[in-house]
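Using full-length UniProt numbering, the first residue of the sequence shown is number 1, and each one after it goes up by one. Note that the Cβ used here is the ideal one computed from N, Cα and C, for glycine as well. Predicted model only: the values in this text are computed from it and were never measured. Data block below; observations after.
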Amino acid sequence: MSEPVRPAVVNDDAVRTALAQHLSRISGSRTEITSFGRKSSGFSWITYVFAARSAADGDRMLILRVGPPNGLFAPYSVLSQVYALQLLAGSGVPVPALVSFEQDGAEFGFPFFICTHVEGDVPAPWAASELDPDHKRSIARQFVEILASLHRIDPSATPFASLQQGEERAEVRAIAGWRASLARPTARYYPLLDWGGRWLEDNCPQPPCRTIVHGDYRIGNFIEHNGRITAILDWELTHLGDPHEDLAWAMMPTFNARSRKLYGVLERAEVIDLYQRTSGIAVSDKSLAFYEAYALYQAAAIQMCAVRAFEVDRFNDLRLAVMASQMPSIVRAFERALEAAA
Numbered sequence: 001m002s003e004p005v006r007p008a009v010v011n012d013d014a015v016r017t018a019l020a021q022h023l024s025r026i027s028g029s030r031t032e033i034t035s036f037g038r039k040s041s042g043f044s045w046i047t048y049v050f051a052a053r054s055a056a057d058g059d060r061m062l063i064l065r066v067g068p069p070n071g072l073f074a075p076y077s078v079l080s081q082v083y084a085l086q087l088l089a090g091s092g093v094p095v096p097a098l099v100s101f102e103q104d105g106a107e108f109g110f111p112f113f114i115c116t117h118v119e120g121d122v123p124a125p126w127a128a129s130e131l132d133p134d135h136k137r138s139i140a141r142q143f144v145e146i147l148a149s150l151h152r153i154d155p156s157a158t159p160f161a162s163l164q165q166g167e168e169r170a171e172v173r174a175i176a177g178w179r180a181s182l183a184r185p186t187a188r189y190y191p192l193l194d195w196g197g198r199w200l201e202d203n204c205p206q207p208p209c210r211t212i213v214h215g216d217y218r219i220g221n222f223i224e225h226n227g228r229i230t231a232i233l234d235w236e237l238t239h240l241g242d243p244h245e246d247l248a249w250a251m252m253p254t255f256n257a258r259s260r261k262l263y264g265v266l267e268r269a270e271v272i273d274l275y276q277r278t279s280g281i282a283v284s285d286k287s288l289a290f291y292e293a294y295a296l297y298q299a300a301a302i303q304m305c306a307v308r309a310f311e312v313d314r315f316n317d318l319r320l321a322v323m324a325s326q327m328p329s330i331v332r333a334f335e336r337a338l339e340a341a342a
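Here's what the structure looks like:
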């Protein structure tokens with residue numbers, strides 16, 4: 001039996017029709033989509049917010065996320081996000097409730113999942129200066145405490161263990177993957193990234209323990225409402241690995257309005273102290289320095305993936321087109337981070 005023909009691009013009208021059919025099928029009740037719109041935030045999965053009405057479930061506000069065929073990290077898998085939402089429901093890590101998902105995306109033509117809509121705002125790192133410092137401090141401390149809660153979960157009993165491929169460590173495999181991405185003919189060539197990627201792969205430290213690593217844990221990837229973080233978002237890069245990876249990524253100045261302080265308010269030493277006390281995991285200065293260098297290397301690779309998605313794969317998001325302009329500053333920061341880690 002031949003594979004179904006997949007659409008080359010995501011058509012919003014077709015997605016809306018398929019969505020109504022899918023929800024009607026899984027609920028056993030005719031479902032009407034009463035409002036539907038694409039959100040502009042995010043650079044990878046396409047996100048829609050919509051209202052659904054049915055006799056079985058009444059009126060609901062929901063979120064649909066679709067993995068486009070020409071997106072930043074195509075081809076997509078929903079498994080890491082689905083596993084996270086299932087595993088963390090009711091835990092100390094707030095996440096939206098999962099409603100439905102399909103990896104093969106037969107009804108839509110693309111992998112997708114549906115979750116509940118969580119009230120609140122997604123803070124923009126560059127707008128942090130407009131917020132009250134005491135409010136930011138409270139949110140930043142919650143942010144660190146939630147990360148500690150995630151890292152306290154025993155990963156051996158979670159579905160993420162099934163995503164591991166053989167004996168190779170996920171972080172080493174990830175570095176090799178980013179190296180391969182940067183070596184593609186369509187990527188700009190930066191000699192320092194070529195050498196630095198090799199150094200990272202050869203010098204990756206052993207983790208103090210294996211934890212669930214979010215993979216994109218940063219300001220801007222959570223929802224806050226009435227002074228509380230109500231949901232952690234974007235679990236597509238989640239894997240088992242070294243907890244230093246999340247900590248280093250969260251503290252990158254890029255995600256903190258170019259500040260060396262988390263959310264512009266928490267000093268590095270305060271973040272590390274709070275994390276150690278709440279997670280029970282000792283932070284290694286050497287490992288953290290390594291992952292700070294790795295974070296910048298990964299950021300550079302993502303920039304190049306974005307440029308490729310726009311120029312080669314025709315992903316229609318003008319924000320991706322300008323990402324190459326950020327490369328010089330990232331490469332300079334990567335050079336300094338490598339010196340600190342070596």
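Please go through the same chain and pick out, in chain order, the residues whose beta-carbon is closer than 6 Å to the beta-carbon of residue i, but skip the five residues on each side of it.
{"i": "Y190", "result": "V331"}
{"i": "Y294", "result": "L200"}
{"i": "L338", "result": "G196 and A293"}
{"i": "A299", "result": "I330"}
{"i": "L266", "result": "A140"}
To the nearest angstrom, how far is it from the Cα of residue i to the Cα of residue j?
{"i": "D273", "j": "S54", "result": "49 Å"}
{"i": "E224", "j": "M61", "result": "17 Å"}
{"i": "G37", "j": "F50", "result": "6 Å"}
{"i": "Q276", "j": "T116", "result": "32 Å"}
{"i": "F101", "j": "A124", "result": "28 Å"}
{"i": "A176", "j": "K39", "result": "32 Å"}
{"i": "R218", "j": "A97", "result": "21 Å"}
{"i": "R260", "j": "A269", "result": "11 Å"}
{"i": "L64", "j": "L23", "result": "11 Å"}
{"i": "Q103", "j": "V15", "result": "15 Å"}
{"i": "E335", "j": "L192", "result": "7 Å"}
{"i": "K286", "j": "I232", "result": "28 Å"}
{"i": "W178", "j": "D12", "result": "31 Å"}
{"i": "A148", "j": "G215", "result": "14 Å"}
{"i": "V172", "j": "D242", "result": "11 Å"}
Given residue i, which residues of its chain have a CB within under 7 Å of its CB, disregarding the five upstream and five downstream residues?
{"i": "A333", "result": "L296"}
{"i": "V10", "result": "I46, V66, P68 and F110"}
{"i": "M251", "result": "L262, R268 and V271"}
{"i": "S27", "result": "S54, A56 and D57"}
Let me know the secondary structure DSSP gives residue i once reduced to three states.
{"i": "F290", "result": "helix"}
{"i": "I114", "result": "strand"}
{"i": "T47", "result": "strand"}
{"i": "V99", "result": "strand"}
{"i": "T254", "result": "helix"}
{"i": "A124", "result": "coil"}
{"i": "E130", "result": "helix"}
{"i": "E32", "result": "strand"}
{"i": "G197", "result": "helix"}
{"i": "V331", "result": "helix"}
{"i": "I153", "result": "coil"}
{"i": "R184", "result": "coil"}
Just to confirm, is the Cβ distance from residue i to residue j under 7 Å?
{"i": "residue 366", "j": "H239", "result": "The chain is shown only over 1 to 342; residue 366 falls outside these bounds and no answer can be derived."}
{"i": "V99", "j": "I114", "result": "yes"}
{"i": "P159", "j": "T211", "result": "no"}
{"i": "V118", "j": "T230", "result": "yes"}
{"i": "V213", "j": "D246", "result": "yes"}
{"i": "A289", "j": "A340", "result": "yes"}
{"i": "A56", "j": "S29", "result": "yes"}
{"i": "V95", "j": "L88", "result": "yes"}
{"i": "T31", "j": "A20", "result": "yes"}
{"i": "A248", "j": "Y291", "result": "yes"}
Please go through the same chain and pick out, in chain order, the residues whose beta-carbon is closer than 8 Å to the beta-carbon of residue i, but skip the five residues on each side of it.
{"i": "D121", "result": "I223, E224 and H225"}
{"i": "C305", "result": "L72, F73 and S181"}
{"i": "S327", "result": "The sequence given here has Met at residue 327, not Ser. So the qualifying residues of the chain are R188, Y190, A300, Q303 and M304."}
query = Just checking, does the stretch 201-208 make contact with the stretch 98-118 on the three C-beta pairs under 8 Å criterion?
reply = no
query = Quick check: the stretch 83-101 against the stretch 129-139, are there 3 or more CB pairs under 8 Å?
reply = no
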